[in-house]
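Enquirer: Residue numbering for the sequence shown follows the numbering used here, beginning at 125 and increasing consecutively. My questions all concern the structure below.
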Amino acid sequence: MTDTAAIRSVEYEQPLVDAAGAAGATGGACATRQAWARVPPEPSAAERAALKDRVRRLLKEKDAVMVSHYYVHPDLQDLAEETGGIVSDSLEMARFGRDHTARTLVVSGVRFMGETAKILSPGKTVLMPDLDASCSLDLGCPSAAFSAFCDRYPDHTVVVYANTSAAVKARADWVVTSSCALDIVRALKDAGHRILWAPDRHLGAYIEQQTGAEMVFWPGACIVHDEFKALELALLKQAHPGAKVLVHPESPADVVDLADAVGSTSAILKAARELDAREFIVATDSGMMHKLRALNPGKTFIAAPTAGEGATCKSCTHCPWMAMNGLAGVAQVLETGANAIQVDPALIARARRPIDRMLDFTAALRGGSAPGALLAHLGAA
Ligand code: 13P
Ligand code: SF4
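Right, dumping it as structure tokens:
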């Protein structure tokens, strides 16, 4: 949003598409593609205080509420909570935005989070600090190629991760996030479904291993989690024998194998609170450290190792697209109404159905319902 923003180049993987237009997902071959991220400058202390005051005032004036992800700048996490908004994982961001009465949602995260909010609340204005904040999973799963991939498996139930475009969601039977993917796929498997999974191959492999479901995969990856390295992690564990290892399941399987707890961002927070240890090694985006440290004074959190600080931001453990969110951007979009998320109305109804299933399933599960009964009830068995 500002002239002085730093432009970072980013590499991500995209599955190769064959002559028939279908992704070569069964072979898992990917091409490296280039993307970019625009990271705003860090405000000075005085600028930060002034920006926070401006945002507080504008939120009231515009009947708006902040919905922030755990990976965004600490200022946007703290201000969201202080002003009656939320900082959470992607599942709870979706639920909170849908249920809140504010007319405007300011979503600090990446584009799929804003799109999900808009799909669930088409009558609300959904603003984002920077509409170009993408995700390597979303970029690596273009809807036309994905649709061709689905056409190859007409007898499979299509389960897509929330980190996808509205068009990909519109092709899905179910949308899931990392906090509910295991429960939903397990219930589907128990009901006899075969699963077409997209786009994160590591999360997909983890779910397959945990549930025993028969699955085919789209071979996407998260540029942040894909960089964690098992060998270096094993060495770090040796140096910190008392430490517990917390891993987001977008990480490679050999990293997941070393975990004491595997789960979504909210599951990582829960494990840090509940596990009996003073030291933790954390394999997820470094934005998570803010909440981990704030909620666990006296405990130490160490970043899991990657390939090292490279020329690109691939190995710095912070998502370059999450880093595009800043206080100045939030203030500016609230003031001007710029960066309102638009989703093709023709897609909204189709994309909403699999998201609603996820929200209904998880709400009922929390209420004590048996997962098997939920599938029939949701019309998706
Ligand atoms: P969570 O759903 O665990 O918050 O993850 C979202 C994400 O983008 C992780 O990289
Ligand atoms: Fe996407 Fe990875 Fe960034 Fe999450 S951390 S938004 S999965 S690129």
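The C-beta atom is built at its ideal place from N, Cα and C for all residues, glycine as well.
Are the CB atoms of Ala257 and Val283 within a distance shorter than 9 Å?
Expert: No, these two residues do not count as a Cβ contact at 9 Å.
Enquirer: In angstroms, rounded to a whole number, what distance separates the CA positions of Gly516 and Ala401?
Expert: The shown model of the chain, from 125 to 505, leaves out residue 516, and the question about it has no answer.
Enquirer: Closest to Ala396 by C-alpha separation, out of Glu374, Gly496 and Ile426, would be which residue?
Expert: Residue Ile426 is the option with its Cα nearest to Ala396.
Enquirer: Return the first residue and the last residue of the alpha helix (DSSP H) that Lys293 is part of.
Expert: Segment Ala290 to Ala294, the alpha helix (DSSP H) holding Lys293.
Enquirer: Please find out if some non-hydrogen atom of the ligand SF4 comes closer than 8 Å to the beta-carbon of Cys346.
Expert: Indeed, a heavy atom of the ligand SF4 lies less than 8 Å from the Cβ.
Enquirer: Check the C-beta distance from Val230 over to Leu458 and give it rounded, since I have them as a contact under 8 Å.
Expert: Yes, they are in contact, since the Cβ atoms of Val230 and Leu458 sit about 6 Å apart, within 8 Å.
Enquirer: Could you tell me which residues DSSP pairs with Ser133 in its beta bridges?
Expert: Its beta-bridge partners are Trp160.
Enquirer: Would Glu403 be called buried (16 or more neighbouring beta carbons within 10 Å of its own) or exposed?
Expert: Exposed, by the Cβ-count rule.
Enquirer: For the ligand SF4, is there a heavy atom less than 8 Å away from the beta-carbon of Asn449?
Expert: Flag unset: Cβ of Asn449 not near the ligand SF4.
Enquirer: Around the C-beta of Lys415, are 16 or more other C-beta atoms found within 10 angstroms, so that it is buried, or is it exposed?
Expert: Lys415 is buried by the Cβ-count criterion.
Enquirer: Which complete beta strand (DSSP E) runs does the stretch 318 to 386 hold, if anything under 3 residues is left out?
Expert: Fully enclosed beta strand (DSSP E) runs of 3 or longer: 319 to 322, 339 to 341 and 368 to 371.
Enquirer: Looking at Val179: is its Cβ nearer than 9 Å to the Cβ of Thr225?
Expert: No. Outside cutoff.
Enquirer: In the structure shown, what three-state DSSP assignment does Glu171 receive?
Expert: It is helical.
Enquirer: For Glu216, count the other beta carbons within 10 Å of its own beta carbon; 16 or more makes it buried, fewer makes it exposed. Which is it?
Expert: With 16 or more Cβ atoms within 10 Å of its Cβ, Glu216 is classed as buried.
Enquirer: DSSP state of Pro421, grouped into three classes?
Expert: Pro421 falls in the coil class under three-state DSSP.
Enquirer: So for Ala435, helix, strand or coil by DSSP?
Expert: Because the pLDDT at Ala435 is just 37, under 50, the model does not fix this residue reliably, and the value given afterwards should be weighed accordingly. Residue state, collapsed to three classes: coil.
Enquirer: Do you know whose CA, among Gly316, Met446, Pro323 and Ala188, lies nearest Ser289's CA?
Expert: For Ser289, the nearest C-alpha among the options comes from Pro323.
Enquirer: Based on Cα-Cα distance, which residue from Arg219, Thr441 and Asp275 lies nearest to Val300?
Expert: Answer by Cα proximity: Arg219.
Enquirer: Indicate whether Ile331 and Met482 have their beta-carbon atoms separated by less than 9 Å.
Expert: No, these two residues do not count as a Cβ contact at 9 Å.
Enquirer: How big is the Cα-Cα spacing for Ala435 and Glu351?
Expert: With a pLDDT of 37 at Ala435, under the threshold of 50, the modelled position of that residue is not reliable, and no figure is offered here.
Enquirer: By Cβ distance, which residues of its chain are closer than 6 Å to Gly387, with the 5 residues on each side in sequence left out?
Expert: None.
Enquirer: Counting by C-beta, which residues lie closer than 5 Å to a heavy atom of the ligand 13P, in chain order?
Expert: Listed along the chain, these residues meet the criterion: Asp213, Ser214, Thr301, Ser302, Ser388 and Thr389.
Enquirer: Please work out which residues of its chain come closer than 6 Å, Cβ to Cβ, to Cys437, disregarding the five sequence neighbours upstream and downstream, and give them in chain order.
Expert: Note on Cys437: pLDDT 45, under 50, position unreliable in the model; no value is reported.
Enquirer: Kindly indicate which residue of Ser375, Ala385, Tyr194 and Leu255 has the alpha-carbon position closest to the one of Arg162.
Expert: Ranking the options by Cα distance to Arg162, first place goes to Leu255.
Enquirer: With DSSP collapsed to three states, give me the class of Pro495.
Expert: Of the three classes helix, strand and coil, the one that applies to Pro495 here is helix, per DSSP.
Enquirer: To the nearest angstrom, how far is it from the Cα of Thr128 to the Cα of Val340?
Expert: Answer to the nearest angstrom: the Cα atoms are 44 Å apart.
Enquirer: In this structure, how does DSSP classify Glu166 when only helix, strand and coil are distinguished?
Expert: Coil, per DSSP.
Enquirer: Within its chain, find whatever has a CB closer than 7 Å to the CB of Cys346; leave out the 5 residues flanking it on each side and keep chain order.
Expert: Counting only Cβ-Cβ distances below 7 Å, and skipping sequence neighbours, we find Ser260, Leu261, Asp324 and Glu374.
Enquirer: Can you tell me where the alpha helix (DSSP H) holding Ile210 begins and where it ends?
Expert: That residue, Ile210, is in no alpha helix (DSSP H); its beta strand (DSSP E) goes Ile210 to Ser212.
Enquirer: DSSP puts Trp298 in a beta bridge; with which residues?
Expert: Note: Trp298 sits in a beta bridge opposite Val283.
Enquirer: In this structure, how does DSSP classify Arg490 when only helix, strand and coil are distinguished?
Expert: Looking at Arg490 - three-state DSSP - the assignment turns out to be helix.
Enquirer: In chain order, what residues of the same chain have a beta carbon less than 7 Å from the beta carbon of Lys248, not counting five sequence neighbours either side?
Expert: Arg227, Thr228 and Leu229.
Enquirer: Under the criterion of a Cβ to heavy atom distance below 8 Å, does Leu393 qualify as lining the ligand SF4?
Expert: False, no ligand heavy atom lies under 8 Å from that Cβ.
Enquirer: Would you decide whether Arg511 is buried or exposed? Buried here means 16 or more other CB atoms lie within 10 Å of its CB.
Expert: Residue 511 is absent from the structure shown; the chain starts at 125 and stops at 505.
Enquirer: Let's test the definition: count the other Cβ atoms within 10 Å of the Cβ of Gln456 and tell me whether it reaches 16, buried, or not, exposed.
Expert: By the 10 Å Cβ count, Gln456 comes out buried.
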